[in-house]
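Numbered per this note's numbering, the sequence shown spans residues 450 to 579. From the three backbone atoms N, C-alpha and C, an ideal C-beta is built for every residue, glycine too. Small disclaimer: the values here were computed from a predicted structure and weren't measured. Read the structure below first, then the notes.
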Amino acid sequence: MPEIEVREIRENVMGLFANQQIEKGKIILMLRGDKISKPTKTSIQIGDKQHIEDPKGGFINHHCNPNAEINIHSSFVGSNPVSRSETNTTALVVAKKTISKDDEITFDYETTEEKLAFPFLCDCHGRLIE
Ligand SMILES: [Zn+2]
């Protein structure tokens, strides 16, 4: 996994940054953390009523033309088709384009979130992201 870190962009605004160049297609982060049924300001939606609070992923800011995306892979657990209700979900943050050292890592919140806990106007276009 590439080296990434949470940095302060301006007062009270944090973001996730690349400490090294990350090539397009490379995995930046595997989301891990508490799974919750309702979204929060920092959670990322990975399924129906499934939101994950990743300690680093929660700092990734929205961009309408982002350099990363969230890839979600779900697989059923167990071999009995009747009881296969439990799913095993892996959510990866993947570079959509080559990311330079010290670039902020962003993704489009509207690609993952059904409904944001806190809708906001995006910094790039002033569009309402909800
Ligand atoms: Zn925007």
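Which of helix, strand or coil DSSP assigns to residue i
i: T560; result: helix
i: G507; result: helix
i: N461; result: coil
i: D483; result: strand
i: S549; result: coil
i: R456; result: strand
i: F567; result: coil
i: H512; result: coil
i: E579; result: coil
Test item: CB-CB of residue i and residue j under 8 Å
i: K484; j: Q494; result: no
i: R576; j: C513; result: yes
i: V526; j: I477; result: no
i: K550; j: N468; result: yes
i: Y558; j: H511; result: yes
Nonlocal neighbours in the same chain, by C-beta distance under 6 Å from residue i, ignoring five residues either side
i: T547; result: E472, K473
i: N537; result: S524, V526
i: N520; result: L541, V543
i: H574; result: C513
Cβ neighbour criterion (16 or more within 10 Å) applied to residue i
i: I554; result: buried
i: D503; result: buried
Presumed contact (8 Å Cβ cut-off) between residue i and residue j, rounded CB distance
i: P488; j: L565; result: 7 Å
Same chain, Cβ closer than 8 Å to residue i, neighbours up to 5 away in sequence not counted
i: T560; result: E518, I519
7 Å Cβ shell around residue i - same chain, five flanking residues per side excluded
i: P451; result: A467, Q469, I471, K475, I477
i: G464; result: R456, I458, F508, N510, E553
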